[in-house]
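For reference, the structure is listed below as structure tokens.
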Amino acid sequence: MVATTRDALVGTGAAARRRRIRKITGRIAVVVFAVATLVGVVVLFALLLQVAIRGLPHLTWDFITGYPSRFASKAGLLPAIAGTMWVIGFTGLISFPLAIGTAIYLEEYAPKTRLTALIQMNIANLAGVPSIVYGMLGLMLFVRWMALGQSVLAAALTMTLLILPISIIASREAIRAVPRSLVEAGYALGATKWQTVRQVVVPLAFPGILTGTILSMSRAIGETAPLIIIGGLTYVPFLPGVDGLAHAPLDPFTVLPIQIFNWASRPQAGFQDLAATGIVVLLVVLLAMNATAVFLRDRRQRRALD
Amino acid sequence: MQIGDGLSTRPLARKRARRLEETVLPSLLLLMALVSVFTTIAVVVTLLTEALSFLRQVSLWQFLGDTRWSPTFSDQHFGIWPLIGGTMLVTVIAGMFAIPLGLAAAIFLSEYAPGRLRRVLKPLLEVLAGVPTVVYGYFALTFVTPYVIRSLPGPFAEANIFNALSAGLVVGVMIIPMVASLSEDAMVAVPRSLREGAYALGATRFEVVTKVVVPAALSGIVASFILAISRAIGETMIVALAAGATPKLTANPLESIQTMTAYIVQISLGETPVGSLEYQTIFAVAMVLFLMTLAMNVLGHYLVRRFREVY
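Residue numbers (the working numbering), protein chains in the order written: chain A, 10 to 315; chain B, 9 to 319.
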């Protein structure tokens, strides 16, 4: 038996040599693993740096409040920003109750039948369907069949279906995190199931549900492909609601990612710079949303635990 | 403390309200849950009806047998293989890049990294997963192709401005967090007793990882590969911006190709009349795409469930 590591490494026998090789292999491995982990981080920083360098110089007030144009120096982002807000606003409104309702059903009410298992497996599968397929579903179902046209509402319904699986999964986790003891205390005091759900489970799970919804909406903001299929236009010189606010949900629209895609696809360097500026705006919006989600979650979690 | 909503003071009315809550509400919630089932059915029905309508005009034999894809040209060919080939070329490159790096990152984060480092690196990797794909596409087109690929010597300097390599590498970067986080979940689930038994027998940390932890977590790790590949196959914007719009069967990553997803985007943005045969091709392509990703997702989820049950 060896008494110290040094004794193990010192020596000229075959066993000692093997131990040294194993030790050195281990040291090299750590470096390799660490470097591999850093590759992704380095690429992320390179990306952010490049976008900032090309895009920040053009980030002017005129750009944010302007309309698209054939001339790169005059083009603006306002319809894209407005379109994004309209679409995401409606998406949130529609998907929030649906996600909570489904999550409550699956966690509190669903019997352990095959139907329930089917629903759960189905949701997991839906989360993996490529987003472009959702776009095609939205095209046939909302744009054509429901005759909503290439409108804000059709886009919002499509995005709802897209983010519903991840919203449901996040809401379920939030509901599952509610301590069972509190729920059972509700029942012990004579409350019915709905009373317990409404007054114990939902208030306690709410921060988690809200965070999950905000995160899934931030995923929706970055989605391009489904909205292109729906018919998000690439040249929109007006804002939704230009014919009256009540008509806005049925208006054509464009969103930030589509505008970025349009500019990035053009060969002129001026438009490529504008694409970078659009990306800066998009990333700022995403950062704000994610920071809000995390902040809300941390703040209410601290309150709930008091 | 008062339980109940106190809507009315008459006990009978309260009872009636409560009975309504307890009977109507669960059904309402079930209806909401069924929206997800309806979504799947709607996807299948939509793709199937349009794809079948397409196949009534272009035989399955042509679709699967031809090796050229040119529905919008006067010399029409409807062989799906160039699009599948383009998708697979990008996906293979992405996988070769992301799978080793993602697994290595997972190993580093779960077995080696001290708590503080882990708390910084893990969220950074999550950020990678949250970047919109159109941003990645822009990065591939304006940075990776000119400054990374074309600055290399030899054939790389002559690479097309649109090429599969650039898109493949960036798709790889995008899926690294997926491989890393799912593999890490699998490895963290391995019981400490197995690890400590190996240490007790004199194994180094590297040996514990490679000979005990990774084999024990293997089904979960493989599941992470499969799910990440499925994600890469379904990716649209990176390839639409950086890989090109020329469907061709080639193994040369420096050439411009077209993936299934990029083709669908191209037709949708174009002037093809709705309802025409050329337009219906996008549904046939989408059906193939859907079936491929569905098969991989089902397999991946099955493997994840399997590793969860073992312990």
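Where a beta carbon is used, it is the ideal one built from N, C-alpha and C, also for glycine.
Inset, instruction - Check whether the Cβ atoms of M182/B and T141/B lie closer than 8 Å to each other. - result: yes
Legend entry - Beta carbon proximity, L305/A to chain B, threshold 8 Å: no
Legend entry - Through-space distance from P255/B to P90/B, alpha-carbon basis: 5 Å
Inset, instruction - Flag this pair as yes or no: are the beta carbons of I141/A and I238/A separated by less than 8 Å? - result: yes
Inset, instruction - Inspect the beta-carbon positions of Y76/A and A41/B and report whether they are closer than 8 Å. - result: no
Inset, instruction - Kindly indicate which three-state DSSP category R27/A falls into: helix, strand or coil? - result: helix
Inset, instruction - Return the chain-ordered list of same chain residues with a C-beta closer than 6 Å to the C-beta of A240/B, the five sequence neighbours on each side being excluded. - result: T99, A102, V179 and I183
Inset, instruction - With 8 Å as the threshold, decide whether the Cβ of V222/B is near any Cβ in chain A. - result: no
Inset, instruction - Counting only the same chain and skipping the five closest in sequence on each side, list residues whose C-beta sits under 6 Å from that of S180/A. - result: A108, I109, A112, I218 and G221
Legend entry - Given K83/A as reference, the closest of M94/A, L283/A and W95/A once Cα atoms are compared: L283/A
Inset, instruction - Just list the alpha helix (DSSP H) runs in the segment 272-302 of chain A, keeping only unbroken ones of 4 residues or longer that don't cross its boundaries, in chain order. - result: none
Legend entry - Members of the segment 24-44 of chain B near chain A, C-beta cut-off 9 Å: R26, E29, E30, L33, P34, L36, L37, L38, L39, M40, A41, L42, V43 and S44
Inset, instruction - Drop a sphere of 10 angstroms on the beta-carbon of M6/B, count the other beta-carbons inside from all chains shown, and report buried for 16 or more, exposed for fewer. - result: Coverage of chain B is limited to positions 9 through 319, which leaves residue 6/B absent and any answer about it impossible.
Inset, instruction - Mark M130/A as exposed unless 16 or more other C-beta atoms lie within 10 angstroms of its C-beta, in which case mark it buried. - result: exposed
Inset, instruction - Using DSSP bridges, identify the partner residues of W77/B. - result: F86/B
Inset, instruction - Within its chain, find whatever has a CB closer than 6 Å to the CB of T289/B; leave out the 5 residues flanking it on each side and keep chain order. - result: P79
Legend entry - Alpha-carbon spacing of Y259/B relative to L97/B, whole angstroms: In the sequence as displayed, the identity of residue 259/B is Ala instead of Tyr. One C-alpha to the other measures close to 7 Å.
Legend entry - Helix, strand or coil at E279/B according to DSSP, with G and I counted as helix: coil
Legend entry - Beta carbon proximity, L283/A to chain B, threshold 8 Å: no
Legend entry - For L109/B and A45/A, believed in contact at Cβ under 8 Å, the rounded distance: 5 Å
Inset, instruction - Find out if the Cβ-Cβ distance for the pair P41/A, A253/B is shorter than 8 Å. - result: Note that residue 41/A is Val in the sequence shown, not Pro. No, these two residues do not count as a Cβ contact at 8 Å.
Inset, instruction - Note the first and the last residue of the continuous alpha helix (DSSP H) segment covering I169/B. - result: Premise fails: I169/B is in no alpha helix (DSSP H) and is neither H nor E.
Inset, instruction - Give a yes or no on whether 8 Å exceeds the smallest Cβ distance from K121/A to chain B. - result: no
Inset, instruction - Report yes or no: do the segment 150-163 of chain A and the segment 187-205 of chain A share at least 3 C-beta pairs separated by less than 8 Å? - result: no
Legend entry - Rounded distance between the beta-carbons of L72/B and M295/B, thought under 8 Å: About 12 Å separates the two Cβ atoms, so there is no contact after all.
Inset, instruction - Jot down the residue ranges of each uninterrupted beta strand (DSSP E) in the segment 14-97 of chain A, minimum 3 residues, whole runs only, in chain order. - result: none
Inset, instruction - Tell me, to the nearest whole angstrom, how far the beta carbon of G101/A is from that of M226/A; I am working on the premise that it is less than 8 Å. - result: 5 Å
Legend entry - Buried versus exposed, by CB contacts within 10 Å (16 or more), S191/B: buried
Inset, instruction - Please report the residue range of the alpha helix (DSSP H) in which R185/A lies. - result: V161 to R185
Inset, instruction - Could you check if V264/A is buried or exposed, using at least 16 other CB atoms within 10 Å of its CB as the buried criterion? - result: buried
Inset, instruction - Could you check if T207/B is buried or exposed, using at least 16 other CB atoms within 10 Å of its CB as the buried criterion? - result: The amino acid at residue 207/B is misidentified as Thr; the sequence shows Tyr. Counting Cβ neighbours within 10 Å, Y207/B comes out exposed, since fewer than 16 surround it.
Inset, instruction - Output the distance between the C-alpha atoms of R27/B and V211/A, rounded to the nearest integer angstrom. - result: 20 Å
Inset, instruction - Please name the residue, chosen from E116/A, A234/A and A255/A, that lies closest to I269/A on a Cα-to-Cα basis. - result: A234/A
Inset, instruction - Measure the beta-carbon distance from A322/B to P261/B and round it to whole angstroms, keeping in mind my assumption that it falls under 8 Å. - result: Nothing about residue 322/B can be reported from this structure: the residues present for chain B run from 9 to 319 only.
Inset, instruction - Report the neighbours of W203/A on chain B: residues whose CB is nearer than 7 Å to its CB, in chain order. - result: E29, E30 and L33
Inset, instruction - With 8 Å as the threshold, decide whether the Cβ of E215/B is near any Cβ in chain A. - result: yes
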